[in-house]
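So the structure is just underneath, and the comments pick up after that.
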Amino acid sequence: MEGLLRGDRGAAGTLYAWYGDALFREVILPRLPIRELAENVLVDTFRVVLERAETYNPQSDRSIYFWLRRIAINRAIDVHRAHHRARRLEDALEREADPGAAVPAPDQGADADDTRAQVEATLQSLNPRYAEALRLRLLDDLDREECAARMGVTVGNFDVILHRASAAFKKAFQPDVD
Amino acid sequence: MSTEETEARLLAEWLATPPGTPPPEGLSASAVQAVYALRPDRAPAPRITIDDVFSTVTTGPYAAAGRRGQARAASGATPVDRSPARRPAPSARRWWAAPAVGLALSAALAAIVVIPVAGHYFSRGNEQVSQEVARSDAAPMAAPASAPVEAPAPVGGAAPPAPPLADLAPGDASLADPKVNMEGAEKAGPAPVAAPPSLPEMAAAPSGQGEAEARRESQSVAPAAEPAFGSGGLAEEGTAAAPPPPPEAVAEADDVLAKTPSTSTTGASGGKVAQTESKNDTWDWGRKKSSTPTKNKAADAPAAPAAAARPARSESAADEEAPAAERAQSDKDEGADPRARAVPTDYRNDWYNTRSDVAAVYALAESQRAAGQPDSAVATYLTLLGDADRRVGQDVAWRAARIHQSAGRLAEAQRLVKQGLSFSAANTPQRANLLVLDGDLSLARGDATSAARSWAEAQKLNDAR
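Residue numbers (the working numbering), protein chains in the order written: chain P, 17 to 194; chain B, 193 to 657.
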């Protein structure tokens, strides 16, 4: 932190090397699964950190990573909402041009959180069959055939269960209170 | 097929692709978000560097760097320019701009002492060092044998410490926190492997592979589309044309190849085997030599006469493809072991030496590991995880995963391996190493099918290089 306050480029580079990848994969992308937008958020997050390093408060921020994470979450939510507003505008314009087009589903917003504990809590809150499908395929990394065999269903049925489970997980995954 | 069935099929197909593959068009964002939340290692790595951040800063102590970025933008370059062409050549890059410069300075003295020692870890002939490493591997994690190894303070100031694992939230740590479910599965399952499984030696690779190795060597020096230590990871992603490697980097790589020592061995196959072994030393890294006769190619008597009978081959990159008969002989010699051909024979332990910052980090990590501080070694290696050269990221992920493997932390090791694999799909020895380790870990966890798949993929890469 002292290096950041001095404008030390090496310190900034070290901070990015430590946390940039983890922030991108575990904080930003689960909220904003569009790579280009997520990269913009990552750049923006570190820009804020470099411009306002003096705002870091060890007492309230708990740790440097949590401080970065909070900034990244807020930026991701802002970009996600702006992106979806733009998308809704585009969809509205398209509907004007094509009255027969289907009305898009309401935007659920960026609700995902990234902590491992919340992942586990969310899995436990799901339908057990959905949780089992997600654990087998994504956490235990078994292939589809093995997952289907363990759950006693066909491979095609397992794919559908997994897809439904993913949607259910995403809905249940609670956002941070920042 | 209904929309739901279509999306389910798309999700299934996407999950079968390597980590980092973008999701297919038509797959719902909620499914993608759920996958990224549950499996961050499936997410692609960011394609930006700290320089991209500097160019956007307009206030505060880094504002001068931001203004320079805006000046570049005014002259035509984009402010957040992810093109690899924007990176200055290593010789032109200001030395203080290197991310690990503080660590490099602090490890300079250690490097003078440690690099020769670290090199011995990779030498098959150095039993004493192998035993030291084995002892350090066996040392209990909670009670390191000695005080933490700290490099002397550099002239310019204190060295930045390794990323503080405790700094990360218990539920967040990508560097230290294994998947919850995998931890639970490990606790319920068989006892974790205290030491890596005994692996077949790479020693007496038949000379039929010799010219293939020479070919790979020449190709690995300066691949056409991949700069030496530039944005190789971007090239294969198709984001921009990669610049040619800096001349000095290519020249240095040539020198390193020319100087690669031939480690003498007791193998009956002689010089060819010795040269092959020096490239395959990685699989003795941190472990004792295998004592299983059938796995020790150098001591495999039936193989020796066959190898000795083969004609000597030139090391020149212009050597022709091995005759089919010799290829078949090499296949026969390696037996039915699917793993044997998965191990890359063109990986060199000193491949990173043209970069002093990387070499310093490696030296420090090895010194920590030798001092019985595996956690510190892992953390030190992982400071390079986000390096712009994806080979570096993959290599440190592999090395750190090996340390986890030695400590019996298979889930964490495999998580790191998968993260490393997601960095780049480029056909490199680094990627092959990760795939082999992925197979080893899958096998140790009882999943022979996945193990065979990973090894087969590594073998395909090796054959294609």
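Quick reminder that beta carbons are idealized off the backbone N, C-alpha and C, glycines included. Given the structure is predicted, the values throughout are model-derived calculations rather than measurements.
C-alpha distance - residue i paired with residue j, whole-angstrom precision
{"i": "VAL227 (chain B)", "j": "LEU635 (chain B)", "result": "24 Å"}
{"i": "ARG25 (chain P)", "j": "ALA200 (chain B)", "result": "46 Å"}
{"i": "GLU52 (chain P)", "j": "SER222 (chain B)", "result": "18 Å"}
{"i": "LEU66 (chain P)", "j": "LEU45 (chain P)", "result": "22 Å"}
{"i": "TRP568 (chain B)", "j": "THR575 (chain B)", "result": "Here residue 568 (chain B) turns out to be Ser, not Trp, going by the sequence shown. Cα to Cα, the separation comes out at about 11 Å."}
{"i": "PRO74 (chain P)", "j": "LEU39 (chain P)", "result": "19 Å"}
{"i": "ALA188 (chain P)", "j": "GLU136 (chain P)", "result": "11 Å"}
{"i": "TRP647 (chain B)", "j": "ARG531 (chain B)", "result": "6 Å"}
{"i": "LEU21 (chain P)", "j": "ALA592 (chain B)", "result": "31 Å"}
{"i": "TRP83 (chain P)", "j": "TYR72 (chain P)", "result": "7 Å"}
{"i": "ALA92 (chain P)", "j": "VAL224 (chain B)", "result": "16 Å"}
{"i": "ARG166 (chain P)", "j": "LEU203 (chain B)", "result": "19 Å"}
{"i": "ASN173 (chain P)", "j": "ASP157 (chain P)", "result": "18 Å"}
{"i": "TYR146 (chain P)", "j": "TYR539 (chain B)", "result": "43 Å"}
{"i": "ASP37 (chain P)", "j": "ARG234 (chain B)", "result": "12 Å"}
{"i": "ALA365 (chain B)", "j": "ARG86 (chain P)", "result": "The pLDDT assigned to ALA365 (chain B) is 44, lower than 50, so where the model puts this residue is not dependable, and the model offers no usable value."}
{"i": "ALA562 (chain B)", "j": "GLU217 (chain B)", "result": "49 Å"}
{"i": "LEU58 (chain P)", "j": "GLY19 (chain P)", "result": "20 Å"}
{"i": "PHE62 (chain P)", "j": "THR241 (chain B)", "result": "11 Å"}
{"i": "PRO438 (chain B)", "j": "GLY168 (chain P)", "result": "Its pLDDT being 43, under 50, PRO438 (chain B) is placed unreliably by the model, and nothing is read from it."}
{"i": "PRO232 (chain B)", "j": "GLY252 (chain B)", "result": "33 Å"}
{"i": "GLY171 (chain P)", "j": "ALA149 (chain P)", "result": "Rather than Gly, the amino acid found at residue 171 (chain P) in this sequence is Val. Going by the C-alpha atoms only, they are around 12 Å apart."}
{"i": "ARG533 (chain B)", "j": "ARG645 (chain B)", "result": "13 Å"}
{"i": "MET193 (chain B)", "j": "VAL95 (chain P)", "result": "34 Å"}
{"i": "ILE595 (chain B)", "j": "LEU142 (chain P)", "result": "36 Å"}
{"i": "ALA164 (chain P)", "j": "GLN651 (chain B)", "result": "29 Å"}
Residue of the options minimising C-alpha distance to residue i
{"i": "ALA28 (chain P)", "options": "B:ASP243, B:ARG547, B:LEU202", "result": "B:ASP243"}
{"i": "GLN597 (chain B)", "options": "B:THR537, B:ALA580, B:VAL570, B:GLN622", "result": "B:VAL570"}
{"i": "ALA605 (chain B)", "options": "B:LEU633, B:ALA532, B:ALA229", "result": "B:LEU633"}
{"i": "ALA555 (chain B)", "options": "B:TYR539, B:THR546, B:ARG540, B:THR572", "result": "B:THR572"}
{"i": "ARG582 (chain B)", "options": "B:PRO236, B:LEU202, B:PRO216, B:GLN560", "result": "B:PRO236"}
{"i": "ALA208 (chain B)", "options": "P:ASP175, P:LYS186, P:ARG180", "result": "P:ASP175"}
{"i": "ASP587 (chain B)", "options": "B:ALA557, B:ALA599, B:ALA603, B:GLY600", "result": "B:ALA557"}
{"i": "TRP590 (chain B)", "options": "B:ARG234, B:SER642, B:LEU629", "result": "B:LEU629"}
{"i": "VAL43 (chain P)", "options": "B:LEU613, B:VAL550, B:PRO238", "result": "B:PRO238"}
{"i": "GLU197 (chain B)", "options": "B:PRO214, B:SER220, B:PRO211, B:VAL550", "result": "B:SER220"}
{"i": "THR213 (chain B)", "options": "B:SER616, B:ARG533, B:GLY600", "result": "B:SER616"}
{"i": "GLN565 (chain B)", "options": "B:ARG547, B:ASP579, B:ALA599", "result": "B:ALA599"}
{"i": "ALA255 (chain B)", "options": "P:ILE80, P:HIS100, P:VAL64", "result": "P:VAL64"}
{"i": "PRO210 (chain B)", "options": "B:GLU649, B:ASP655, B:ASN654", "result": "B:GLU649"}
{"i": "GLN611 (chain B)", "options": "B:GLY578, B:PRO621, B:VAL245", "result": "B:GLY578"}
{"i": "ARG657 (chain B)", "options": "B:SER247, B:SER194, B:VAL535, B:ASP529", "result": "B:VAL535"}
{"i": "ALA54 (chain P)", "options": "P:THR138, P:ALA33, P:ARG97", "result": "P:ARG97"}
{"i": "LEU31 (chain P)", "options": "P:ILE50, P:ALA69, P:ASN56, P:SER76", "result": "P:ALA69"}
{"i": "GLY585 (chain B)", "options": "B:ARG601, B:GLN622, B:ARG637", "result": "B:GLN622"}
{"i": "ASN90 (chain P)", "options": "P:HIS100, P:HIS179, P:ARG47", "result": "P:ARG47"}
Start-to-end residues for the alpha helix (DSSP H) that takes in residue i
{"i": "TRP543 (chain B)", "result": "That residue, TRP543 (chain B), is in no alpha helix (DSSP H); it is neither H nor E in DSSP."}
{"i": "ASN625 (chain B)", "result": "621-636"}
{"i": "GLU217 (chain B)", "result": "Neither: GLU217 (chain B) is in no alpha helix (DSSP H) and is coded neither H nor E."}
{"i": "SER646 (chain B)", "result": "640-656"}
{"i": "LEU608 (chain B)", "result": "602-615"}
{"i": "GLU22 (chain P)", "result": "Checking the displayed sequence, the identity of residue 22 (chain P) turns out to be Arg instead of Glu. Looking at the DSSP string, the run of the alpha helix (DSSP H) that includes ARG22 (chain P) is 18-22."}
{"i": "THR170 (chain P)", "result": "Per DSSP, THR170 (chain P) belongs to no alpha helix (DSSP H) and is neither H nor E."}
{"i": "PRO144 (chain P)", "result": "144-150"}
{"i": "GLN597 (chain B)", "result": "582-598"}
{"i": "PRO536 (chain B)", "result": "First-last for PRO536 (chain B): undefined, no H or E at that position."}
{"i": "PRO530 (chain B)", "result": "It is not in any alpha helix (DSSP H) - PRO530 (chain B) carries neither H nor E in the DSSP assignment."}
{"i": "THR198 (chain B)", "result": "195-207"}
{"i": "THR138 (chain P)", "result": "132-141"}
{"i": "ALA569 (chain B)", "result": "566-574"}
heavy atom of the ligand SAH below 7 Å from residue i C-beta
{"i": "TYR554 (chain B)", "result": "Of the ligands one can find in the structure shown there are none, so the ligand SAH has no counterpart to examine."}
Quiz item: Along the region 560-579 of chain B, what residues have a CB closer than 9 Å to any CB found in chain P?
Solution: LEU574, THR575, LEU576, LEU577, GLY578, ASP579
Practice problem: Starting from the N-terminal side, write out each stretch of the alpha helix (DSSP H) that is 4 residues or longer and does not extend beyond the region 28-96 of chain P. | Solution: 51-67, 74-77
Quiz prompt | Residues from the region 224-238 of chain B in contact with chain P, defined by Cβ distance under 8 Å | solution = VAL224, GLN225, ALA226, VAL227, TYR228, ALA229, LEU230, ARG231, PRO232, ASP233, ALA235, PRO236, ALA237, PRO238
Quiz item: Which residues, in chain order, does the region 588-601 of chain B contribute to contact with chain P at a C-beta distance below 8 Å?
Solution: none
Quiz item: According to a CB-to-CB cut-off of less than 9 Å, which residues of the region 619-651 of chain B neighbour chain P?
Solution: SER634, ASP639, THR641, SER642, ARG645
Quiz item: Residue ranges of each alpha helix (DSSP H) run of no fewer than 4 residues wholly in the region 218-254 of chain B, ordered along the chain?
Solution: 221-230, 242-246
Quiz item: For the region 199-212 of chain B, which residues have a CB atom closer than 8 Å to at least one CB atom of chain P, in sequence order?
Solution: Cβ contacts with chain P come from GLU199, ALA200, ARG201, LEU203, ALA204, LEU207, ALA208.
Practice problem: Using a Cβ-Cβ cut-off of less than 9 Å, give me the residues of the region 72-89 of chain P that come near chain B, in sequence order. | Solution: ARG78, SER79, ILE80, TYR81, PHE82, ARG85
Quiz item: Using Cβ-Cβ distances below 9 Å, what residues of the region 174-188 of chain P are close to chain B?
Solution: Using a CB distance below 9 Å, the part of the region 174-188 of chain P facing chain B consists of PHE174, ASP175, VAL176, ILE177, LEU178, HIS179, ARG180, ALA181, SER182, ALA183, ALA184, PHE185, LYS186, LYS187, ordered along the chain.
Exercise. Check distances from the C-beta atoms of the region 48-65 of chain P to those of chain B and list, in chain order, the residues that come in under 7 Å.
Key: PRO49, ARG51, GLU55, LEU58, VAL59, PHE62, ARG63
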